[in-house]
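A quick write-up on the structure given underneath.
There are 2 protein chains.
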Amino acid sequence: MKKEFLSIKKLIEKNGYKFTIQKRIILEELFNADIHLTAKEIYSKVKNNNIGLATVYRTMNLFTTIGIIKEIHVDGISYYELKMYSKKPLHIHFKCYKCNSIIDVDNSSVEIKYLKLNREIGENEKLQIHDANIMLIGLCDKCSEDKKL
Amino acid sequence: MKKEFLSIKKLIEKNGYKFTIQKRIILEELFNADIHLTAKEIYSKVKNNNIGLATVYRTMNLFTTIGIIKEIHVDGISYYELKMYSKKPLHIHFKCYKCNSIIDVDNSSVEIKYLKLNREIGENEKLQIHDANIMLIGLCDKCSEDKKL
DNA sequence: TTTAATGCAAAGTGTTTGCACTATA
DNA sequence: TATAGTGCAAACACTTTGCATTAAA
Numbered sequence: 014m015k016k017e018f019l020s021i022k023k024l025i026e027k028n029g030y031k032f033t034i035q036k037r038i039i040l041e042e043l044f045n046a047d048i049h050l051t052a053k054e055i056y057s058k059v060k061n062n063n064i065g066l067a068t069v070y071r072t073m074n075l076f077t078t079i080g081i082i083k084e085i086h087v088d089g090i091s092y093y094e095l096k097m098y099s100k101k102p103l104h105i106h107f108k109c110y111k112c113n114s115i116i117d118v119d120n121s122s123v124e125i126k127y128l129k130l131n132r133e134i135g136e137n138e139k140l141q142i143h144d145a146n147i148m149l150i151g152l153c154d155k156c157s158e159d160k161k162l
Numbered sequence: 014m015k016k017e018f019l020s021i022k023k024l025i026e027k028n029g030y031k032f033t034i035q036k037r038i039i040l041e042e043l044f045n046a047d048i049h050l051t052a053k054e055i056y057s058k059v060k061n062n063n064i065g066l067a068t069v070y071r072t073m074n075l076f077t078t079i080g081i082i083k084e085i086h087v088d089g090i091s092y093y094e095l096k097m098y099s100k101k102p103l104h105i106h107f108k109c110y111k112c113n114s115i116i117d118v119d120n121s122s123v124e125i126k127y128l129k130l131n132r133e134i135g136e137n138e139k140l141q142i143h144d145a146n147i148m149l150i151g152l153c154d155k156c157s158e159d160k161k162l
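These protein sequence lines map, in sequence, to chains A and B.
Position one of the first sequence corresponds to residue 14 (our numbering), numbered consecutively onward.
Position one of the second sequence corresponds to residue 14 (our numbering), numbered consecutively onward.
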């Protein structure tokens, strides 16, 4: 078993749940995909193992609860992504309105500035900010290239 | 008729649609509410006028298309808010995880900094950013007071 | 051997659509 | 009077749940 799986297995068991074959297979797909997946996309990858859609949803909810994955909502649809071991309170995503692809923006210098800004808002508005989801919308590099043609 | 309605009426008609009684009533509720409303909430306010839920949805979609309102997604549910005449490319919302209320963060000094940061991301990641939705999650002032009791 | 987890189908949400009818420009 | 708009009910897409059965600790 992959060494990442061991710590996740422990986390699942620590919370009183069982590390089933289904959870392992779904976890593998999340690791393989390395991008945001919807429940249906995960289901299409695992259904040949006789895993039902309900199990996918239940597993995603469980994984979200214990913090293995993060759920993001885009246009009313849930996408799931591995949180790995970084539980940073900031998630920046970009959605291309043309090709609909969702890109993770991972840029620590920008992230630090965002966190500072959030602190500023928290103080100004008397809010305790625990988490921040930033959804940027526009044209990705590829689609703006296409536009030029 | 309210003077704000006149310009909206013109906008609707300019786009080839008709300014019906239903649209006027729904618009009035949006003005009265002054907060984010779901389609069901709007429906509950207008159904005594014999307006159907489908009409609410159709109207929200039309209003979103022509830019009268803005649609935001929170936990998979659509909320609608008047955009008024400010079509700013940045929308900061705060959701309290305790009382579930959604607060508009309207702070121009913070907004300018956010816009700068978005420009920075756009340049770094080669993205054309047209719009930004920021969802902050935490405890509102009221709920963090309650916690202290 | 206890208890969480599963697959399936049914039920629940939020939203859209087809259709005959209505009302606006 | 032509055409967008309406209410209703049915359809749709995504998600949850009840239940009898299975499998992990």
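Every residue, glycine too, gets a C-beta built ideally from N, C-alpha and C.
Nothing here was measured: the structure is a model prediction, and the numbers come from that model.
The beta carbon of Phe32 (chain B) sits closer than 7 Å to those of Lys22, Ile25 and Glu26, all from its chain and outside the five residues before and after it, given in chain order. For a cut-off of 8 Å, the C-beta gap from Leu149 (chain B) to Phe107 (chain A) is around 18 Å, too long to register as a contact. Positions of the alpha helix (DSSP H) runs, each at least 4 residues long and wholly inside the segment 26 to 58 of chain B, are given as 34 to 46 in order along the chain. Ile55 (chain A) is a Cβ neighbour of Glu42 (chain A), given a cutoff of 8 Å. Setting aside the 5 residues that flank it on each side, Lys15 (chain A) has no residue in the same chain whose C-beta is closer than 7 Å to its C-beta. The DSSP-derived three-state label of Leu130 (chain B) is helix.
Every beta strand (DSSP E) of 3 residues or more that sits fully in the segment 76 to 102 of chain A is shown, in chain order, as 82 to 87 and 90 to 95. When only Cα atoms are considered, Ile115 (chain B) and Gly89 (chain A) end up about 17 Å apart. For Asn62 (chain B) and Met73 (chain A), the gap between their C-alpha atoms comes out near 42 Å. In the structure shown, Lys139 (chain B) adopts coil according to DSSP, grouped into three states. Remark: C-beta atoms of Ile142 (chain A) and Ile134 (chain A) approach each other more closely than 8 Å.
Cβ-Cβ separation between Leu66 (chain B) and Tyr30 (chain B): approximately 19 Å, too far for a contact (criterion under 8 Å). Taking C-beta atoms under 8 Å as the contact rule, Lys126 (chain A) and His104 (chain A) fail to qualify, at a distance of about 15 Å. Residue B:Ser20 holds the alpha-carbon nearest to the alpha-carbon of Ile79 (chain B) among B:Ser20, B:Lys58 and B:Ser91.
When DSSP states are grouped into helix, strand and coil, Cys153 (chain B) belongs to the coil group. Using beta-carbon distances, Lys126 (chain A) counts as an interface residue toward chain B, with a partner under 8 Å. Taking all protein chains shown into account, Tyr93 (chain A) has 16 or more neighbouring C-beta atoms within 10 Å of its C-beta and is therefore buried.
At least one beta carbon of chain B lies nearer than 8 Å to the beta carbon of Met148 (chain A). Within 7 Å of the CB of Ser157 (chain A), the CB atoms of chain B belong to Gln141, in sequence order along the chain. When A:Asn120, A:Lys53 and A:Leu130 are compared, the shortest CA-CA separation from Val118 (chain B) is found for A:Leu130. Below the 7 Å Cβ cutoff, chain A contributes His86, Asp88 and Gly89 as neighbours of His86 (chain B), in chain order. Rounded to the nearest whole angstrom, the C-alpha separation of Lys53 (chain B) and Glu138 (chain A) is 29 Å.
Around the beta-carbon of Ile64 (chain A), 16 or more other beta-carbon atoms lie within 10 Å, marking it buried. Lys96 (chain A) and Ile81 (chain A) do touch by the CB rule: their CB atoms are close to 6 Å apart, below 8 Å.
Annotation: Ile64 (chain B) is outside any beta strand (DSSP E) and is labelled neither H nor E by DSSP. Within chain B, Leu149 have C-beta atoms less than 7 Å from the C-beta of Asn131 (chain A), given in sequence order.
If you draw a 10 Å sphere on the C-beta of Ser122 (chain B), you find fewer than 16 other C-beta atoms in it, and that means exposed. Only those residues of the segment 101 to 121 of chain B whose C-beta falls short of 7 Å from the nearest C-beta of chain A are listed: Phe107, Val118 and Asn120. When 8 Å is used as the limit between beta carbons, Val69 (chain A) is near no residue of chain B, the shortest such separation being about 16 Å.
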